[in-house]
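J.:
There are 2 protein chains.
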Amino acid sequence: MSKIIVDCAISLDGYFAGEQRGPGNPMGGVSGRLHAWMMKEKAFWRRIKMEGGTEDGKDGELINEVFDRTGAYIMGKRMFEEGEVSWAEDLYEADVYVLTHEKRDPWIQKGSTRFFFINDGIESALEKARASANGKDIRIQGGAITIQEFLNAGLIDELYLHITPIFIGKGIRLFEGMDPDKYEIQVLQVDSTELTTHMHYRLIRK
Amino acid sequence: MSKIIVDCAISLDGYFAGEQRGPGNPMGGVSGRLHAWMMKEKAFWRRIKMEGGTEDGKDGELINEVFDRTGAYIMGKRMFEEGEVSWAEDLYEADVYVLTHEKRDPWIQKGSTRFFFINDGIESALEKARASANGKDIRIQGGAITIQEFLNAGLIDELYLHITPIFIGKGIRLFEGMDPDKYEIQVLQVDSTELTTHMHYRLIRK
């Protein structure tokens with residue numbers, strides 16, 4: 001059965017994005033600092049269908065691990081709007097469900113990426129994503145508020161968290177208003193590399 | 207030369223303490239959950255001069271490491287007030303400088319613990335702590351706001367952070383209003399145990 005997973009980077013002070021994010025300023029301008037550990041990895045650039053990277057390291061293995069287990073994606077509208085203007089064609093190679101109030105026809109790309117726009121909530125998106133994933137896992141891609149919604153609904157099974165040793169100071173925190181009684185959380189694995197620390201947690205709903 | 211160090215536990219969502227902390231409710235009631243990894247260690251109970259603990263594990267080694275390298279402490283007034291009512295006699299076995307607006311004579315305990323009350327700011331406390339530490343390190347003990355003040359003044363050399371896999375949801379975060387440009391931060395060591403993840407960072411002032 002599909003697991004519901006989250007995989008994202010935060011700064012040491014807990015920020016997922018900076019201030020004033022939007023399509024013209026994705027992630028509030030902090031992505032390069034937060035994701036330096038990804039940017040140097042060939043695996044990352046292969047996955048986003050661009051040229052780049054100089055290394056095939058542990059960081060890249062983890063990038064591949066999460067891409068490989070994922071069969072469908074769910075994301076919030078603002079994250080989609082940030083990406084729509086810049087993502088390569090067929091980036092996700094899977095069905096992507098976008099949570100939005102906007103009515104919009106599916107966006108079917110060349111290849112196997114299809115965006116569906118869901119107007120009736122996270123449970124509905126999850127049900128459709130489950131069908132798309134066909135036994136693979138479902139990744140709640142972001143942004144932070146969408147991840148918080150799934151976390152506080154008790155729906156997340158695993159969390160990959162990359163803690164990048166920088167301070168951001170202001171912006172959007174990943175963990176805001178967490179329900180303290182929803183989960184028992186277990187550390188599955190921790191791997192530290194030069195540019196980040198990879199934490200892999202299992203969340204067991206109480 | 208003495209290093210200035212911080213050693214504390216935070217929840218996965220970044221909280222150092224819960225809500226409504228005070229002498230009658232130390233750390234807002236979250237200490238047991240945040241510090242479960244300490245409570246089981248004999249080293250911890252030996253250090254606080256009480257009976258307790260069942261294990262001599264990795265968590266305990268780290269507790270000893272930090273106690274052993276520390277030659278003087280600095281803390282905020284509210285942390286002191288929480289501890290004054292409950293700490294064992296001669297807990298610190300060192301000089302402790304309490305940042306406060308209150309004028310108060312030194313509190314000299316039996317043994318080697320002496321509390322001094324400093325009214326003229328963190329640099330003054332640091333200068334006196336350096337003399338007390340006599341080449342050992344100076345630990346900024348807490349609370350969060352005192353640690354933030356030292357961090358943003360660019361004065362911290364090393365940070366031991368224990369990330370406990372729980373959500374607290376509300377209270378006092380360790381990292382609030384961090385200056386994003388003050389330090390280059392390097393990961394020195396990461397050790398994961400069942401109940402927490404120990405992160406050890408070097409902070410290099412830019």
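Chains F and D are the protein sequences, given in the same order. For what it's worth, our numbering labels the leading residue of the first sequence as 1, then goes sequentially. For what it's worth, our numbering labels the leading residue of the second sequence as 207, then goes sequentially. Just so you know, even glycine gets a beta-carbon here, dropped at the ideal spot from N, CA and C. Note that the structure is a prediction, hence the values are computed from the model and not measured.
1) Any idea which residues DSSP pairs glycine 76 of chain F with across the strands?
2) Is glutamate 299 of chain D close to the ligand GDP? I mean its beta-carbon at under 7 Å from any heavy atom of the ligand.
3) Check whether the Cβ of methionine 199 of chain F lies closer than 8 Å to any Cβ atom in chain D.
4) Would DSSP call leucine 240 of chain D helix, strand or coil?
5) Output the residue ranges of the alpha helix (DSSP H) runs that lie fully inside the segment 349-391 of chain D and measure 4 residues or longer, sorted by chain position.
6) Would aspartate 13 of chain F count as contacting chain D if we go by Cβ distances under 8 Å?
7) Within its chain, find whatever has a CB closer than 6 Å to the CB of alanine 17 of chain F; leave out the 5 residues flanking it on each side and keep chain order.
8) Roughly how many whole angstroms lie between the Cα atoms of glycine 238 of chain D and methionine 178 of chain F?
9) Going by CA-CA distance only, name the one from D:Ala339, D:Ala331, D:Val304 that's closest to phenylalanine 323 of chain D.
10) Residues in its own chain within less than 8 Å of aspartate 56 of chain F by CB, not counting five upstream and five downstream?
11) With burial defined as no fewer than 16 other Cβ atoms inside 10 Å of the residue's Cβ, what is the status of alanine 131 of chain F: buried or exposed?
12) Keeping to the same chain, check which residues put their C-beta closer than 7 Å to that of glutamate 184 of chain F; ignore five residues upstream and five downstream.
13) Is it buried or exposed, aspartate 301 of chain D, if we count other Cβ atoms within 10 angstroms and call 16 or more buried?
14) Under the rule that 16 or more other beta-carbon atoms within 10 Å means buried, what is isoleucine 156 of chain F, buried or exposed?
15) Measure from the C-beta of phenylalanine 175 of chain F to each C-beta in chain D and report whether the shortest distance is under 8 Å.
16) Quick one: is glycine 235 of chain D near chain F, going by C-beta distance under 8 Å?
T.: With the structure as the only source:
1) Reading the first sequence from its first residue, position 76 is the one you call residue 76 of chain F. Per DSSP, F:Leu99.
2) This structure lacks the ligand GDP; in fact it carries no ligand of any kind.
3) Within the first sequence, residue 199 of chain F is the residue found at index 199, counting from 1. Answer yes: the Cβ-Cβ gap between methionine 199 of chain F and chain D drops below 8 Å somewhere.
4) Start at 1 with the first residue of the second sequence, and residue 240 of chain D comes out as number 34. Helix, per DSSP.
5) 350-358
6) Counting from one through the first sequence, the residue named residue 13 of chain F turns up at place 13. Yes, its Cβ sits closer than 8 Å to a Cβ of chain D.
7) As a working note, residue 17 of chain F is residue 17 in the first sequence. Excluding sequence neighbours, alanine 17 of chain F sits near Met27, Gly28, Gly171, Ile172.
8) Translated into positions along the second sequence, residue 238 of chain D becomes position 32. Translated into positions along the first sequence, residue 178 of chain F becomes position 178. Glycine 238 of chain D and methionine 178 of chain F: Cα-Cα distance of roughly 19 Å.
9) Taking the second sequence and counting its residues from 1, one reaches residue 323 of chain D at position 117. The shortest Cα separation from phenylalanine 323 of chain D among D:Ala339, D:Ala331, D:Val304 belongs to D:Val304.
10) Translated into the one-based positions of the first sequence, residue 56 of chain F becomes position 56. Cβ neighbours of aspartate 56 of chain F beyond the five flanking positions: Glu41, Lys42, Ala43.
11) For the purposes of this step, residue 131 of chain F is taken as residue 131 along the first sequence, with counting starting at 1. It counts as exposed.
12) As a working note, residue 184 of chain F is residue 184 in the first sequence. Once the five neighbours on either side are set aside, the close Cβ partners of glutamate 184 of chain F are Ile204, Lys206.
13) Within the second sequence, residue 301 of chain D is the residue found at index 95, counting from 1. Classification of aspartate 301 of chain D: buried, given that the 10 Å Cβ count is 16 or more.
14) To locate residue 156 of chain F, count along the first sequence from 1; it is residue 156. Classification for isoleucine 156 of chain F: buried.
15) Here the question's residue 175 of chain F lines up with position 175 in the first sequence. So, interface residue.
16) Residue 235 of chain D sits at position 29 when you count from the first residue of the second sequence. Chain F, which has no Cβ nearer than 8 Å to the Cβ of glycine 235 of chain D, makes this no.
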